[in-house]
Structures are given as C-alpha cells and as structure tokens.
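Peer 1: In the working numbering, the protein residues as written are 11 to 371.
We put the CB at the ideal spot given by N, CA and C, even for glycine.
As the structure is a prediction and not an experimental result, all values here were calculated from the model.
Handing you this structure, nothing more for now.
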C-alpha cells in the first residue's frame, strides 16, 4: 500500500513541483491549500484567491485531489499577535519562523493526520534525513535558496513526518521541471516579504494595528538630528528613510540606525557603513530550541547565522545562564538585531536556534 503524503500547495512553482516529484517517487499524493490570513481580503492585498486558483489548476494537471483548510484564527493567535507585540516593544520579529512552527508544521500536520496522511510535504528548500536516532534538518542543494534558517524552530515530531522534495534541486532546475511539465505556475514570480502585508507599504500596514509614536533622532554623542516616525519603523543597520540632511561641520557619510532607546523613544544613529556601533562581538539569546529535542553538552563550538542568507560565522555557545545563553563570535558581526533569530549549524546540519534578546559590544 502506498504511503500517503499531504502537500502544502501554495499556488507557487515550488510546491507545484514538490507534488509532482512525490508522485514520481510513488507516493499517494494529495494537496492542501491553507488560508492563513483573511483580515483584508476584500481590499485586494491578500492573493489567496488567485493562489488557490493556481493550486487547483496544478492539482488538476497532476490528477491529485486538493483539500482546503482555514488556519487564519490560529495564525492570528499564535503568530500575528506576537508579531505586533514585538514591534510595540521596539524589536524586529521574524513571523516566518513562527508561521512554520505554529502553522505549517503544527496545524497543517494535525490536519494531515486527520486526513490519514503518513507524511506532510512543503516547497521549502531544505533536506531531511530520517535516522534511527531522529530526523536531521539539512541544507538544500541550492545554498542561495536554503530555508533551514526559517525551519529551525519546528518540533522533532513534525520533522520526522516531513518531506522536502525540492531540497535536492536548484531553483533553475525546479523552474525547468515546471516548464517541461507545462504547469501553470512555471513562470510565476516568487513571493517575497511578509505574506499578510502583500503589495502595500510596510509602514501603512503597521499603522493599522499599532499607534506610531514619533520621537527624537540623536547621534551617538547625544546631538539632536531630527524626528523619527516611530521606533517600530526602523531596524538596526537601516539607512533609508532617516531624513537626515547635510549638517555644517559634518562629513557626507550616510547615517545608519545603531540603537533604539525605548525608555525615551529615541532613535540612535551614527555615520558610516563601518561605524563601530554597527558591530558586536556576541549576543544573548533566549532558550535554544534544539531540533533533536535534546540539549548537547556545553560549551559548544558551532557556526551560526543571525539573519537569512548570511554566511555562517564561527561561535562559542555557553551553558545556560538562567533562561539565556551567551554566544560569542570569532569576529565582529554587523547589525545583529534583537527579535530576530540566531540559528546554529554543524556543517550542513541545522541544529536549532533561539530569539536574540540583546547584543554584546
């Protein structure tokens, strides 16, 4: 009897080819389109309707059934509320990590079990190795597209039930498969940015949910330089949108965000792409989620990323100090941002990660 796989069909080329690859591998394949956002469908910002039409068309081409599920309430409660709370606290969250953990590899998995599936599959660029000791999350063949950074927080039980069919291919190879098969999604653009924001300006979206509090912009020496529109609109290392003009006696180097003082609602900036305050030697992170489900022995010498597509950097992870770990890097790191994630690697294997709480100069 064939093993059943439920594929998360997003209406994009990656999930389309994932479904085809699994059919070719002999699985009994079914698709599921998940709707995670419906707050403003009527305004045309969310592309769910057209994405569903594309998912239906692909499933018809592949002769597989398509189910639908609405996870928008779970998404609001388990992802979006946290997203808003973090921005209100002056931090910069990453909703994709939470969406994977709470929706795509939790709510979706529960639905798959309900439908009698043995596995779930998605169009993520990653690999999974199932062993007797547990399942390992490994980097994709296409290192430019590798998405293990966003998958580091899922549970071991979910990873053990997951397949990533396109992880063994590059993006050009995936598009070539889709084109040769005549799939309607073969030329569809990749989705970018945060899914629920769509094509609108990020600032306009945030202002619908959070009251913006304008405040002062100051240099690292305390000099007043202007006004900001609200700390939530800025992130560390940002250059654009500061509206700081030329100043008498000052050089022409651009200004960058180097800090946020939430107590006084002050944005701190400094001149120059290589200003020392843009760099840190380490960070403090929250409890580390280990994909294996087991904490290793400390201290650990690993490699880590503090943002997507960053080259992994050598680091030492200390034993826990209360709820936090100290991570010290071998060389200074630029624009490490509280609210984002530090993700740990051992060669090609993603081990897990944690929320960045603060930085160590």
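1. Please look up how many angstroms separate the CB atoms of residue 89 and residue 108, rounded, as I've assumed it's under 8 Å.
2. For residue 370 and residue 269, which I take to be in contact (beta-carbon distance under 8 Å), what is that distance rounded to the nearest angstrom?
3. Under a three-way DSSP split, which group does residue 181 fall into?
4. Exposed or buried, residue 320, counting other C-beta atoms within 10 Å across all chains shown (16 or more means buried)?
5. Using three-state DSSP, classify residue 328 as helix, strand or coil.
6. Using 8 Å as the limit for Cβ to Cβ distance, is residue 141 near chain C?
7. Judging by CA-CA distance, which residue of 29, 96 and 110 is the nearest neighbour of residue 245?
8. Could you tell me the alpha carbon to alpha carbon distance between residue 276 and residue 219, rounded to whole angstroms?
9. Look at the alpha carbon of residue 76 and the alpha carbon of residue 281, and state the distance between them as a whole number of angstroms.
10. Can you find at least 3 beta carbon pairs, one from the segment 16-36 and one from the segment 118-137, that sit closer than 8 Å?
11. Write down every uninterrupted run of the beta strand (DSSP E) in the segment 232-287 whose length is 3 residues or greater and which is fully enclosed by it, in chain order.
12. Should residue 314 be counted as a contact of the ligand MN given a C-beta to heavy atom distance under 7 Å?
13. In the DSSP assignment, find the unbroken beta strand (DSSP E) run with residue 145 in it and report its ends.
14. Less than 6 Å between C-beta atoms, sequence neighbours within five positions excluded: which residues of the same chain meet that for residue 349?
15. Confirm, please, whether the CB-CB distance from residue 74 to residue 123 is below 8 Å.
16. In whole angstroms, what is the alpha-carbon distance linking residue 198 and residue 64?
17. What first and last residue would you give for the beta strand (DSSP E) that runs through residue 342?
18. What are the start and end residues of each continuous alpha helix (DSSP H) run of 4 or more residues lying completely inside the segment 114-144, in chain order?
19. For residue 23, count neighbouring C-beta atoms within 10 Å of its own C-beta (all shown protein chains included) and say buried if the count is 16 or more, exposed if not.
20. Cα-Cα, which of 279, 261, 255 and 190 is closest to residue 231?
21. Can you list, in chain order, the residues of its chain with a C-beta nearer than 6 Å to that of residue 263? Leave out the 5 residues immediately preceding and following it.
22. Rounding to the nearest angstrom, what Cα-Cα distance links residue 347 and residue 150 in this structure?
23. State the DSSP-derived secondary structure class of residue 85, mapped to helix, strand or coil.
24. Quick one: using the 10 Å Cβ neighbour count with 16 as the cut-off for buried, is residue 140 buried or exposed?
25. Judging by CA-CA distance, which residue of 318, 254, 272 and 13 is the nearest neighbour of residue 266?
26. For residue 147, which option in 356, 365, 367 and 360 has the closest C-alpha, if you only look at C-alpha atoms?
Peer 2: Looking at the coordinates:
1. The pair is a contact, with the Cβ atoms about 5 Å apart (cut-off 8 Å).
2. Incorrect: roughly 14 Å between the Cβ atoms, too far for contact.
3. The three-state reading of DSSP puts residue 181 in helix, counting H, G and I together.
4. Exposed, because fewer than 16 other Cβ atoms sit within 10 Å of the Cβ of residue 320.
5. Three-state result, residue 328: coil.
6. The chain labelled as chain C is not found in the depicted structure, where only one protein chain is given.
7. Per the C-alpha coordinates, the member of 29, 96 and 110 positioned closest to residue 245 is 96.
8. Using only the alpha carbons, I get a separation of about 21 Å.
9. C-alpha separation (whole angstroms): 54 Å.
10. For the pair of segments examined, the segment 16-36 was found to touch the segment 118-137: the number of CB pairs separated by less than 8 Å reaches three.
11. Taking only runs of at least 3 residues, the beta strand (DSSP E) segments lying wholly in the segment 232-287 are 234-238, 265-271 and 276-281.
12. As for the ligand MN, it is missing from this structure, which has no ligand bound.
13. 144-148 is the extent of the beta strand (DSSP E) around residue 145.
14. Closer than 6 Å at Cβ, skipping near neighbours: 96, 101, 102 and 103.
15. The answer is no: Cβ separation not under 8 Å.
16. Using only the alpha carbons, I get a separation of about 10 Å.
17. Start and end: 335-344.
18. Taking only runs of at least 4 residues, the alpha helix (DSSP H) segments lying wholly in the segment 114-144 are 118-124.
19. By the neighbour-count rule (16 or more Cβ atoms within 10 Å), residue 23 is buried.
20. Restricting attention to 279, 261, 255 and 190, the CA atom closest to the CA of residue 231 is found in 279.
21. Excluding positions up to five away in sequence, the list reads 281 and 282.
22. Between the alpha carbons of residue 347 and residue 150 lies a distance of about 25 Å.
23. Helix.
24. Exposed.
25. Ranking 318, 254, 272 and 13 by Cα distance to residue 266 puts 254 first.
26. Of the residues 356, 365, 367 and 360, the one whose Cα lies closest to the Cα of residue 147 is 360.
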